[in-house]
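Asks: Taken in order, the sequence shown gives residues 1 to 194; the numbers are from UniProt numbering.
Structure provided below as structure tokens; questions to follow.
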Amino acid sequence: MSDKLKDAKIIFVVGGPGSGKGTQCEKVVAKYGYTHLSSGDLLRAEVGSGSERGKQLSAIMQRGELVPLDTVLDMIKEAMIAKADVSKGYLIDGYPREVKQGEEFEKKIGAPSLLLYIDAKAETMVSRLMKRGETSGRADDNEETIKKRLDLYYKATEPVIAFYEGRGIVRKIDSEGAVDVVFSNVAKAIDGLK
Ligand SMILES: Nc1ncnc2c1ncn2[C@H]1C[C@H](O)[C@@H](COP(=O)(O)OP(=O)(O)OP(=O)(O)O)O1
Ligand SMILES: Nc1nc2c(ncn2[C@@H]2O[C@H](COP(=O)(O)OP(=O)(O)O)[C@@H](O)[C@H]2O)c(=O)[nH]1
Ligand SMILES: [Mg+2]
């Protein structure tokens, strides 16, 4: 475990692509002042930097696959440490994507106190992503890659939820409704902490 992050409050935000993780995290930041770290955003920033590593990541992400665990965990840890002195807590959005990622995070950083499971139907996620794709400029917001991301979500990421359910820290949030209704349930889950 890292000393600087030893007592950090950590919330994992897990859900399928397009379920609304980013939307809800923004609202949590506004209300609670938590630090929002999206693994996807961190990776896209690396791609945007034009570095050699970014080029390799870009190809993987365009295919809708997962990038190597060490890469994403190092990036998250670095970003957490950079905020350690000012952060009230961390929202880790888009991570863990597979059980192994959760285990490695706990070895190198610490344990989460809550997992927000943002849940929407597959057809809802697809239609939101197709709509987002009209303006997002994201190379992975297209029909073919969306399908792959969804498949991978059900195969690799859903087991993460079962893994943490055993610890009693999962709060399932129905995200089919309007953003503010979803957020009121997110807020209840966070208010229930400690
Ligand atoms: N924890 C991770 N492990 C491995 N690869 C990751 C991880 N997080 C993101 N990636 C890579 C693979 C993803 O397809 C890509 C985009 O991630 P992300 O922005 O979280 O997309 P997503 O499919 O969850 O859509 P959204 O932003 O719509 O939630 O980056
Ligand atoms: N109707 C509706 N749309 C939403 C909701 N949450 C997110 N969206 C839209 O769905 C798309 C994906 O949301 P985003 O937050 O990027 O999801 P993420 O992929 O899980 O990070 C965006 O275009 C949002 O505007 C919601 O609760 N209701
Ligand atoms: Mg997102």
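Note that beta-carbon positions come from the ideal geometry of N, C-alpha and C, so glycine has one too.
Under 7 Å: does the beta carbon of residue 17 sit that close to some heavy atom of ligand 2?
Replies: yes
Asks: By the DSSP assignment, the beta strand (DSSP E) with residue 172 in it spans what residues?
Replies: 170-174
Asks: Note down, in chain order, each residue of its chain lying with its Cβ closer than 7 Å to the Cβ of residue 104, except the 5 sequence neighbours on either side.
Replies: Contacts found: 69 and 73.
Asks: Three or more C-beta pairs under 8 Å: does that hold for the region 44-64 against the region 80-92?
Replies: no
Asks: Taking its Cβ as the centre, do 16 or more other Cβ atoms sit within 10 Å of residue 13, making it buried, or is it exposed?
Replies: By the 10 Å Cβ count, residue 13 comes out buried.
Asks: Helix, strand or coil for residue 150 per DSSP?
Replies: DSSP places residue 150 in helix when its eight states are reduced to three.
Asks: Please return the same chain residues whose Cβ sits closer than 6 Å to the Cβ of residue 112, not counting the five positions on each side in sequence.
Replies: 10 and 12
Asks: Check each candidate in 65, 64 and 57 and name the one with the smallest Cα separation from residue 71.
Replies: Ranked by Cα distance from residue 71, the first of 65, 64 and 57 is 57.
Asks: Can you check whether the CB of residue 120 is closer than 8 Å to the CB of residue 176?
Replies: yes
Asks: Once you ignore the five residues that flank residue 22 on each side, which residues in its own chain have a CB closer than 7 Å to its CB?
Replies: 38 and 93
Asks: Nearer than 7 Å: is that true of the beta carbon of residue 40 relative to any heavy atom of ligand 3?
Replies: yes
Asks: How many Å lie between residue 133 and residue 178 at the Cα?
Replies: 20 Å
Asks: Name the residue from 137, 29, 130 and 96 whose alpha carbon lies nearest to the alpha carbon of residue 163.
Replies: 96
Asks: Classify residue 141 as buried or exposed, calling it buried when 16 or more other Cβ atoms lie within 10 Å of its own Cβ.
Replies: Looking at its Cβ environment, which holds 16 or more other Cβ atoms inside 10 Å, residue 141 is buried.
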